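Please read the structure below before turning to the comments.
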Amino acid sequence: EAAHASAVVTEAQETLRRVFGYDAFRAGQQEIIEHVVSGGDALVLMPTGGGKSLCYQIPSLVRKGTGIVISPLIALMQDQVDALRALGVRAGFLNSTQDLDERRVTEAQFVAGEFDLLYLAPERLRVPATIELLDRGTISLFAIDEAHCVSQWGHDFRPDYLMLSGLHERWPDVPRIALTATATEATRTEIATRLNLDRARHFVASFDRPNIQYRIEPKTDAKRQLLHLLQNEHKGDAGIVYCLSRNSVEKNAEFLCQNGIEAIPYHAGLDARTRAVNQSRFLREDGLVVVATIAFGMGIDKPDVRFVAHLDLPKSVEGYYQETGRAGRDGLPSTAWLAYGLQDVVNLRKMIEAGEGDAAHRRRQSLHLDSMLALCETVECRRVQLLNYFGQSGAPCGNCDTCLSPPETWDATVPAQKVLSTVVRLDRERRQKFGAGHIVDILLGKKNAKVIQFDHDSLKVFGIGTDLRDVEWRGVVRQLLAQGLLAVESNYGALVLTDASADVLRGRHKVMMRREPERATAKAAKAAK
Ligand code: ADP
Ligand code: ZN
Numbered sequence: 026e027a028a029h030a031s032a033v034v035t036e037a038q039e040t041l042r043r044v045f046g047y048d049a050f051r052a053g054q055q056e057i058i059e060h061v062v063s064g065g066d067a068l069v070l071m072p073t074g075g076g077k078s079l080c081y082q083i084p085s086l087v088r089k090g091t092g093i094v095i096s097p098l099i100a101l102m103q104d105q106v107d108a109l110r111a112l113g114v115r116a117g118f119l120n121s122t123q124d125l126d127e128r129r130v131t132e133a134q135f136v137a138g139e140f141d142l143l144y145l146a147p148e149r150l151r152v153p154a155t156i157e158l159l160d161r162g163t164i165s166l167f168a169i170d171e172a173h174c175v176s177q178w179g180h181d182f183r184p185d186y187l188m189l190s191g192l193h194e195r196w197p198d199v200p201r202i203a204l205t206a207t208a209t210e211a212t213r214t215e216i217a218t219r220l221n222l223d224r225a226r227h228f229v230a231s232f233d234r235p236n237i238q239y240r241i242e243p244k245t246d247a248k249r250q251l252l253h254l255l256q257n258e259h260k261g262d263a264g265i266v267y268c269l270s271r272n273s274v275e276k277n278a279e280f281l282c283q284n285g286i287e288a289i290p291y292h293a294g295l296d297a298r299t300r301a302v303n304q305s306r307f308l309r310e311d312g313l314v315v316v317a318t319i320a321f322g323m324g325i326d327k328p329d330v331r332f333v334a335h336l337d338l339p340k341s342v343e344g345y346y347q348e349t350g351r352a353g354r355d356g357l358p359s360t361a362w363l364a365y366g367l368q369d370v371v372n373l374r375k376m377i378e379a380g381e382g383d384a385a386h387r388r389r390q391s392l393h394l395d396s397m398l399a400l401c402e403t404v405e406c407r408r409v410q411l412l413n414y415f416g417q418s419g420a421p422c423g424n425c426d427t428c429l430s431p432p433e434t435w436d437a438t439v440p441a442q443k444v445l446s447t448v449v450r451l452d453r454e455r456r457q458k459f460g461a462g463h464i465v466d467i468l469l470g471k472k473n474a475k476v477i478q479f480d481h482d483s484l485k486v487f488g489i490g491t492d493l494r495d496v497e498w499r500g501v502v503r504q505l506l507a508q509g510l511l512a513v514e515s516n517y518g519a520l521v522l523t524d525a526s527a528d529v530l531r532g533r534h535k536v537m538m539r540r541e542p543e544r545a546t547a548k549a550a551k552a553a554k
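The numbering of the sequence shown is the UniProt record's numbering, which starts it at 26 and goes up by one.
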């Protein structure tokens, strides 16, 4: 037994050196590889860039037969296979981008035992012919990449993944290794259940990325805030800027270019060729900034991404973690920066309410958003909060915005009551869309056209909020939304009370809020003097 184990280790290490040219395993890799080579099932949680691929590639090389890799990242298969072939690994793939001839050739090679690794798109398994094909070859293992796609609770569910539960019944002796970079405790349990991995050993690497500095600030003028960050801290650095819409991708890329920063756009609306060119430029050239929707980045392995900036609020902590995780894979200091504002919260809440899917689906999405908002509004260490979300613990890191300049909190009960009282009064006219801007105008006593049209200057609350400025009121509304003390109504996007609001209005619930830091732009102006 011991002799066998040490022979496995030696062979794995030898493969690491000879094929991949690396001297040593990274944290976790050796244990996982040993376990899978010996025929055990594994569920691997490792952050992006941690080195998951070797965990199935080496066992595929060491074990007899072909390792079947199920991956949803069809666009990357060709590159992955090319990279492996360059190392002398016999690899192939089967997906919908191939024509019949290419597929036939690959299939014949598989049956003849000419592959160490075969990449397979999950939808291939829908075709009975694929199952028959797999039966004709020798399989060394199944690797299920991006395993969180099987979870309906997670943020990236793919129905085709549900078919993977059948692998075990069909090939009971073939070890399976499921891998993901994002999974909470709940998602992990779901993955294990749905993939029939009840006897799998779980390998959970630390999710901490100590070289990434997490920063989240209120959005005032997102473009300018971003420009300030790039000019002052990331001149000439490669980085990714995420936006929610294609339109804002285009606009922001243009804005950066006009301001002397070399930026290229990436989103699903661009033709395939432009996308491919922009992606490969980003990978190959130094110091390029890509402005993208979240369509960009899955499987992108560029070590020196120095910053990831979000101009819009991600929909979940999982998404945020995965996207920011593309920064600093080389271990050098990097920045994860996010600007978010009231409108983000309103938009996402509206999208969820108006979106497809059943009530349970909306409820899940809403909980995802709540966790993201809690991360934004926390006065504790961001890293600790992130790690806790993934079921891990840590101490205050000293390398996030809340550690570096701890935010103050203030008792916002009275301002909260003013906002909620205004909402109560507008509630009677719910058919109209009265958003946050209108509520703030009423509080500030602004006699603009809309206020006059609806006679809102005669409301008792008109002008009772001159003690705070416009941006401060918007901050109060945003934090009320984040704390669940206000909600967004689905039909017109109006602000409405929640069950919890009543206690605030009656003075039974104290509302504490994070004091907004001075605007980044204001700070910059001061520094320039
Ligand atoms: P993941 O799939 O977890 O995001 P990858 O498997 O793509 O990460 O690995 C990230 C990078 O780290 C790759 O460039 C890979 O070659 C490199 N890498 C992985 N394991 C090692 C190792 N033991 N030594 C050195 N580099 C490694
Ligand atoms: Zn911290």
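Cβ atoms here follow ideal geometry from the backbone N, Cα and C, with glycine treated the same way. This one's a predicted model, so the numbers in the text were calculated from it and none came from an experiment.
Close Cβ partners of serine 121 (< 6 Å) along its chain, the five nearest in sequence each way excluded: Taking the sequence shown and counting its residues from 1, the one referred to as residue 121 is at position 96. Excluding residues within five positions, none has a Cβ falling inside 6 Å.
Range of the contiguous alpha helix (DSSP H) that encloses threonine 205: Here residue 205 refers to the residue found at position 180 when the sequence shown is read from its first residue. Per DSSP, threonine 205 is not a residue of any alpha helix (DSSP H); the beta strand (DSSP E) it occupies stretches across 201 to 205.
6 Å Cβ shell around valine 316 - same chain, five flanking residues per side excluded: As a position in the sequence shown, residue 316 is number 291, starting the count at 1. Val266, Val274, Asn277, Ala278, Ala288, Pro290.
Simplified DSSP assignment, three categories, for threonine 91: For the purposes of this step, residue 91 is identified with residue 66 of the sequence shown, where counting begins at 1. In this structure, threonine 91 counts as strand in the three-state DSSP scheme.
Contact under 9 Å by Cβ, leucine 400 with glutamine 410: For this step, residue 400 is matched to residue 375 along the sequence shown. For this step, residue 410 is matched to residue 385 along the sequence shown. Yes, the pair counts as a contact, with Cβ atoms nearer than the cut-off.
Per-residue DSSP class, three states only, for methionine 397: Taking the sequence shown and counting its residues from 1, one reaches residue 397 at position 372. Correct three-state label for methionine 397: helix.
Ordered list of beta strand (DSSP E) runs contained in the segment 265 to 325, each at least 3 residues: Annotation: the segment 265 to 325 contains the following complete segments of the beta strand (DSSP E) (minimum length 3 residues), in chain order: 288 to 291, 314 to 317.
Per DSSP, the bridge partner or partners of glutamate 378: Taking the first residue of the sequence shown as 1, we reach residue 378 at position 353. None; glutamate 378 has no bridge partner.
Host alpha helix (DSSP H) of proline 153 (start-end): Residue numbering aside, residue 153 sits at position 128 when the sequence shown is read from its first letter. Where proline 153 is concerned, the enclosing alpha helix (DSSP H) stretches over 153 to 161.
Residues near threonine 491 by beta carbon distance below 7 Å, same chain, minus five either side: Here residue 491 refers to the residue found at position 466 when the sequence shown is read from its first residue. So the qualifying residues of the chain are Leu469, Gly470.
Separation of leucine 189 from proline 200, as counted between CA atoms: The sequence position of residue 200 within the sequence shown is 175, counting from 1. The sequence position of residue 189 within the sequence shown is 164, counting from 1. Each residue's alpha carbon lies about 13 Å from the other.
Counterpart residues of aspartate 436 in DSSP-defined beta bridges: For the purposes of this step, residue 436 is taken as the residue at position 411 of the sequence shown. Met537.
Buried/exposed call for isoleucine 467, threshold 16 Cβ in 10 Å: Here residue 467 is taken as the residue at index 442 of the sequence shown, counted from 1. It is buried - the Cβ of isoleucine 467 has at least 16 other Cβ atoms within 10 Å.
Any non-hydrogen atom of the ligand ZN within 8 Å of valine 409 CB: To locate residue 409, count along the sequence shown from 1; it is residue 384. Flag set: Cβ of valine 409 near the ligand ZN.
Those runs of the beta strand (DSSP E) which lie wholly inside the segment 437 to 514 and span at least 3 residues: Given a length threshold of 3 residues, each whole run of the beta strand (DSSP E) inside the segment 437 to 514 is given here in chain order: 511 to 513.
Spatial neighbours of histidine 173 in its chain, beta-carbon cut-off 7 Å, leaving aside the 5 residues before and after: Start at 1 with the first residue of the sequence shown, and residue 173 comes out as number 148. Taken in chain order, the residues that qualify are Gly179, Asp181, Thr205, Thr207, Ala208, Thr212, Ile216.
For leucine 295, the nearest candidate out of Ala320, Leu281, Arg309, Arg306 (CA to CA): As a working mapping, residue 295 is identified with position 270 in the sequence shown. The residue from Ala320, Leu281, Arg309, Arg306 with its alpha-carbon nearest to that of leucine 295 is Ala320.
Identity of the residue in Lys340, Asp329, Asp337 nearest arginine 352 by Cα: As a working note, residue 352 is residue 327 in the sequence shown. Correcting the residue identity first, residue 352 is alanine in this sequence and not arginine. Looking at the Cα atoms, Asp329 is the closest of the given residues.
Exposed unless 16 or more other CB atoms sit within 10 angstroms - verdict on valine 529: What you label residue 529 is simply residue 504 of the sequence shown in a count that begins at 1. Classification for valine 529: buried.
Beta carbon of isoleucine 202 nearer than 9 Å to that of alanine 67: For the purposes of this step, residue 202 is taken as residue 177 along the sequence shown, with counting starting at 1. For the purposes of this step, residue 67 is taken as residue 42 along the sequence shown, with counting starting at 1. Yes, the pair counts as a contact, with Cβ atoms nearer than the cut-off.
Inter-residue Cα distance where the pair is glutamate 59 and leucine 392: To locate residue 59, count along the sequence shown from 1; it is residue 34. To locate residue 392, count along the sequence shown from 1; it is residue 367. For glutamate 59 and leucine 392, the distance between alpha carbons rounds to 38 Å.
Bridge partner(s) assigned by DSSP for proline 243: Here residue 243 refers to the residue found at position 218 of the sequence shown. Proline 243 is bridged to Tyr365.
C-alpha distance - valine 69 paired with alanine 474, whole-angstrom precision: On the sequence shown, position 44 is the one that residue 69 refers to. On the sequence shown, position 449 is the one that residue 474 refers to. Valine 69 and alanine 474 have their C-alpha atoms spaced approximately 59 Å apart.
Span separating the alpha-carbon of alanine 527 from that of tryptophan 498: Residue 527 sits at position 502 when you count from the first residue of the sequence shown. Residue 498 sits at position 473 when you count from the first residue of the sequence shown. Distance between the alpha carbons of alanine 527 and tryptophan 498 is about 20 Å.
Aspartate 311 beta carbon less than 9 Å from that of glycine 261: Locating residue 261 in the sequence shown gives position 236, where the first residue counts as 1. Locating residue 311 in the sequence shown gives position 286, where the first residue counts as 1. Between glycine 261 and aspartate 311, the CB-CB gap stays under 9 Å.
Residues of its chain near glycine 416, where Cβ-Cβ distance is below 6 Å and the 5 sequence neighbours each way are ignored: Against the sequence shown, residue 416 aligns to sequence position 391. Contacts found: Glu210.
Environment of glycine 162 [buried if 16+ CB atoms lie within 10 Å]: As a working note, residue 162 is residue 137 in the sequence shown. With 16 or more other Cβ atoms within 10 Å, it is buried.
Burial state of glutamate 39 (16 or more Cβ within 10 Å): As a working mapping, residue 39 is identified with position 14 in the sequence shown. By the neighbour-count criterion, in which 16 or more other beta carbons inside 10 Å mark a residue as buried, glutamate 39 falls on the exposed side.
Where the alpha helix (DSSP H) through leucine 220 begins and ends: In the sequence shown, the residue the question calls residue 220 occupies position 195. For leucine 220, no alpha helix (DSSP H) encloses it, and the DSSP letter there is neither H nor E.
Endpoints, the beta strand (DSSP E) within which phenylalanine 167 is located: Numbered from 1 along the sequence shown, position 142 holds the residue referred to as residue 167. Here the beta strand (DSSP E) through phenylalanine 167 covers 164 to 169.
Opposing strand residues paired with histidine 29 [DSSP bridges]: Residue 29 sits at position 4 when you count from the first residue of the sequence shown. Partner residues in a beta bridge of histidine 29, as assigned by DSSP, do not exist.
Residues that valine 333 bridges to, as DSSP identifies them: The residue you call residue 333 lines up with position 308 of the sequence shown. DSSP lists Ile265, Ala361 as the beta-bridge partner residues of valine 333.
Complete beta strand (DSSP E) runs within the segment 59 to 92 (minimum length 3 residues, chain order): The segment 59 to 92 contains these whole beta strand (DSSP E) runs: 67 to 70.
The ligand ADP heavy atom lying under 8 Å from the CB of alanine 263: Position 238 of the sequence shown holds residue 263. Outside the cutoff, so no.
With 16 other Cβ atoms within 10 Å as the buried cut-off, status of valine 152: Taking the sequence shown and counting its residues from 1, one reaches residue 152 at position 127. Exposed, because fewer than 16 other Cβ atoms sit within 10 Å of the Cβ of valine 152.
Within 9 Å, strictly: CB atoms of residue 563 and alanine 461: Coverage of the chain is limited to positions 26 through 554, which leaves residue 563 absent and any answer about it impossible.
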